[in-house]
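For the sequence shown, the numbering used here begins at 5 and goes up steadily by one. All C-beta atoms in this analysis are idealised placements derived from N, C-alpha and C, irrespective of residue type, glycine included. Computed from a prediction, not measured in an experiment: that's the story for all the values here.
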Amino acid sequence: MRVVIDKDSGFCFGVVHAIEAAEKALREEGHLFCLGDIVHNNEEVRRLEEKGLQIIDEETFDKLRDARVLIRAHGEPPRTYAKAEQNRVELIDATCQVVLKLQRDIAASYRRMKAADGQVVIYGKQGHAEVVGLLGQTCQEGIVVSSVGDLDKVDFHRPAVLYSQTTQSVEEYTKIIAEMRSRFQAVGLETLFEYHDTICRRVANRARQIQEFAVQYEAVIFVSGEKSSNGLYLFDLCRQINPRSYFVSHLGQLDDIPFEGISSVGICGATSTPMWLMQRVAEVLAAK
Ligand code: SF4
Numbered sequence: 005m006r007v008v009i010d011k012d013s014g015f016c017f018g019v020v021h022a023i024e025a026a027e028k029a030l031r032e033e034g035h036l037f038c039l040g041d042i043v044h045n046n047e048e049v050r051r052l053e054e055k056g057l058q059i060i061d062e063e064t065f066d067k068l069r070d071a072r073v074l075i076r077a078h079g080e081p082p083r084t085y086a087k088a089e090q091n092r093v094e095l096i097d098a099t100c101q102v103v104l105k106l107q108r109d110i111a112a113s114y115r116r117m118k119a120a121d122g123q124v125v126i127y128g129k130q131g132h133a134e135v136v137g138l139l140g141q142t143c144q145e146g147i148v149v150s151s152v153g154d155l156d157k158v159d160f161h162r163p164a165v166l167y168s169q170t171t172q173s174v175e176e177y178t179k180i181i182a183e184m185r186s187r188f189q190a191v192g193l194e195t196l197f198e199y200h201d202t203i204c205r206r207v208a209n210r211a212r213q214i215q216e217f218a219v220q221y222e223a224v225i226f227v228s229g230e231k232s233s234n235g236l237y238l239f240d241l242c243r244q245i246n247p248r249s250y251f252v253s254h255l256g257q258l259d260d261i262p263f264e265g266i267s268s269v270g271i272c273g274a275t276s277t278p279m280w281l282m283q284r285v286a287e288v289l290a291a292k
C-alpha cells in the first residue's frame, strides 16, 4: 500500500507559536496552567500534559492567585485580562496575531456601531473559544450567526458590519455576505452594510489544497481532534471530493477502516493536527 502524508497539513503558525511558548515555560518551571485546550487535539494535549501543562477551565482560572497561565492561539475576551490583573496572575499571551488583529478590528467597529445604532455580526460557531473572545470585544452585544438560516437575528434597517471567525468556511461566508447584501438592497439600504474577509489565509488556502491532495488517493485518512472546527470543515471537503475519506482522532480507530483492495492512502489533517501523529498513522498503515 502506498502511503503519503500531505506536506501542507499540520500545525499553523498560530498553534506552533502557542506550543513553543508553552514548552519554553515548561522548561523553565516544569509546570504551567493553560486556559482551555492549548490545541483541539487530545493526543498533543496529552503529550504536553506529560511535560507539566495543566489545562484549566474558567472557573478554576477565576480562583487562581499568583500563578502563570498561557492564553492559547484562540485568544480571550477582555474579562480574562481584567481577572488576571485583579488576581496577580501572570499571562503568557499566545493569542495568534491574526486573531489579535481581528479582536482589535471588532472592538473598533463595535464603538463605531454603538454610536450609529448599528450591529456587529460575527459568522462563527456559538460558544467556540475564538468566538467568545470576539464577542467580548462587543460587550456581548455582537450577533453570532452560523449560517444563512440565522440571519433573521439581524435588523436590516440598521447599520451592520460583518466579520468571520478565522477558521470558518469560505463558501458559507460568501453565501452569508450575498444574502445580507441582498436583504439590505431589498429595503434600499445597501450602504448600511459593510463586511470584512477575516478568514485566516492559512485556512482559506487549505480548502483548495486539501481537495487537490485527497483526490489523488483511493482512500484518505483525515487525522484531527473531534473538537476542531477547522478539522470538521476540512474533513467535509475531503469527503466531498473523495467518498472514501475517514476521520481518525486516535490510532485505535484505524482498525475499523476497511483497507482491503486499497493500494494508495493519503494522510492529511487540520491546522491543529501534529505532524508526529500523522507519521504514527503512516507507520501503522505501512505495517498493514
Ligand atoms: S488558523 Fe490562522 S488564525 Fe487560527 S491560529 Fe492558525 S494561523 Fe492563527
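How is residue i classed by DSSP in three states: helix, strand or coil?
i	result
residue 198	strand
residue 244	helix
residue 69	coil
residue 146	coil
residue 58	strand
residue 255	helix
residue 276	coil
residue 217	helix
residue 168	strand
residue 126	strand
residue 188	helix
residue 106	helix
residue 132	coil
residue 18	helix
residue 260	helix
residue 82	helix
residue 154	helix
residue 45	coil
residue 113	helix
Is it right to say residue i is buried, meaning 16 or more other beta carbons lie within 10 angstroms of its own, or is it exposed?
i	result
residue 178	exposed
residue 10	buried
residue 112	exposed
residue 295	The requested residue 295 does not occur in the structure, where the chain is confined to residues 5 to 292.
residue 267	exposed
residue 107	buried
residue 141	buried
residue 172	buried
residue 82	exposed
residue 192	exposed
residue 195	exposed
residue 35	exposed
residue 131	exposed
residue 206	buried
residue 48	buried
residue 90	exposed
When you compare only the Cα positions, how much space is there between residue i and residue j?
i	j	result
residue 280	residue 243	23 Å
residue 92	residue 287	46 Å
residue 72	residue 14	28 Å
residue 275	residue 96	21 Å
residue 231	residue 45	8 Å
residue 228	residue 190	42 Å
residue 123	residue 285	46 Å
residue 278	residue 144	33 Å
residue 224	residue 77	28 Å
residue 7	residue 270	6 Å
residue 63	residue 79	17 Å
residue 86	residue 249	45 Å
residue 282	residue 258	12 Å
residue 185	residue 133	28 Å
residue 163	residue 241	34 Å
residue 152	residue 221	34 Å
residue 101	residue 38	18 Å
residue 5	residue 254	20 Å
Who does residue i pair with in a DSSP beta bridge?
i	result
residue 74	38 and 96
residue 6	268
residue 225	250 and 271
How do the stretch 257-271 and the stretch 190-206 stand: do at least 3 beta-carbon pairs fall below 8 Å, yes or no?
No, because fewer than three Cβ pairs between the stretch 257-271 and the stretch 190-206 fall closer than 8 Å, the two stretches do not touch.
Do the stretch 25-36 and the stretch 52-61 meet, that is, are 3 or more Cβ pairs less than 8 Å apart?
As far as the Cβ criterion goes, the stretch 25-36 touches the stretch 52-61, which means the pair count is three or higher.
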